[in-house]
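Novice: When the letters of the sequence shown are read in order and numbered with my numbering, they come out as residues 144 to 333.
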Amino acid sequence: MTTGAQTPLPPARPKRSRLRTFLPLGAAAWLVLEIWLLTLVAGATSGLVVFLVLLAGLVAGSVVIKRAGRRAFRKLSEALQQQQSGMMPEAARPNSEGNGLMMLGGLLLMIPGLASDAVGLLLLLPPVQKIVSRSAERTFERKLREARPGTFGGAFQQARMHQPDGKVVQGEVIRDEPGDTPPPRPPLTH
144 MTTGAQTPLP
154 PARPKRSRLR
164 TFLPLGAAAW
174 LVLEIWLLTL
184 VAGATSGLVV
194 FLVLLAGLVA
204 GSVVIKRAGR
214 RAFRKLSEAL
224 QQQQSGMMPE
234 AARPNSEGNG
244 LMMLGGLLLM
254 IPGLASDAVG
264 LLLLLPPVQK
274 IVSRSAERTF
284 ERKLREARPG
294 TFGGAFQQAR
304 MHQPDGKVVQ
314 GEVIRDEPGD
324 TPPPRPPLTH
């Protein structure tokens, strides 16, 4: 039965991002490439050779991840010891790019497949690590500059307010709107 009122239109769906559109397609293409390369190598040699290559990648990847994790833990404990002794921790060396890309390279080595092994081995090379980290840093900074208010990037940008001397000031912005009553505060107790 109709009452004469118009039916409300469903809200418009937001536009899908490129990442959400192409990431599943890229993952499927990567999987097909990995399977094709493994069957190509198995056809040229034998299944045992493919198994040994995959096993070697698993072992090498676990060694790389373990080594990078130990190095990260050692750097963290050194920084904590320096801080506890009253000294300021030394700034990151300009040539050290961190262990994140090394761990990613180890993870790619552990994933079964020849293409992922090749990309993992490339990420273990220091010049490639520098290029990738600089590119990622530039992309991250650009995305932060483009962030609109109200987005996650905007909130992160507000949290990174710097004092003139370069020190980071942590805080949050509270806006009082006209007509808003502040919520009651809990009593102060010792």
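Note that CB positions come from ideal geometry on N, CA and C, so glycine has one too.
(1) Met245: which of Trp179, Ser205 and Gly229 sits nearest, CA to CA?
(2) Check Met230 in the structure and name its three-state DSSP category.
(3) Between the C-alpha atoms of Lys273 and Ala172, what's the straight-line distance to the nearest angstrom?
(4) What is the DSSP secondary structure of Arg156, counted as helix, strand or coil?
(5) Are there any heavy atoms of the ligand SAM lying less than 8 Å away from the beta-carbon of Gly200, as far as the coordinates show?
(6) So for Gly204, helix, strand or coil by DSSP?
(7) Within the same chain, show all residues whose beta-carbon is closer than 6 Å to that of Pro255, passing over the 5 residues directly before and after it, in chain order.
(8) Quick check on the burial criterion: 16 or more other C-beta atoms within 10 angstroms. Buried or exposed for Ser259?
(9) Just how far apart, CA to CA, sit Met230 and Arg217?
(10) Is the beta carbon of Ile208 sitting closer than 9 Å to the one on Leu250?
(11) Thinking just about the alpha-carbon of each residue, which of Thr282, Val271 and Ser228 is nearest to the one in Gly248?
(12) Rounded to the nearest angstrom, what separates Val202 and Leu162 at their Cα positions?
(13) What's the call for Leu195, buried or exposed, on a 16-neighbour Cβ count within 10 Å?
(14) Would you please state the rounded distance, in angstroms, between the beta carbons of Val193 and Leu181? I believe it to be under 8 Å.
(15) Quick one: Cα of Arg141 to Cα of Lys158, how far?
(16) Report yes if the CB atom of Gly169 is closer than 9 Å to the CB atom of Met253, and no otherwise.
Specialist: To lay it out plainly:
(1) Ser205
(2) Secondary structure at Met230: coil, using DSSP grouped into helix, strand and coil.
(3) 27 Å
(4) coil
(5) This structure does not include the ligand SAM; it has no bound ligands of any sort.
(6) helix
(7) Leu197
(8) The residue in question, Ser259, is buried, as its Cβ has 16 or more Cβ neighbours within 10 Å.
(9) 17 Å
(10) yes
(11) Of the candidates Thr282, Val271 and Ser228, the one whose C-alpha sits nearest the C-alpha of Gly248 is Val271.
(12) Straight through space, the alpha carbons of Leu162 and Val202 are spaced by roughly 32 Å.
(13) By the 16-neighbour rule on beta-carbons within 10 angstroms, Leu195 is exposed.
(14) 6 Å
(15) With the chain represented from 144 up to 333, any question about residue 141 goes unanswered, as that position is not in the structure.
(16) no
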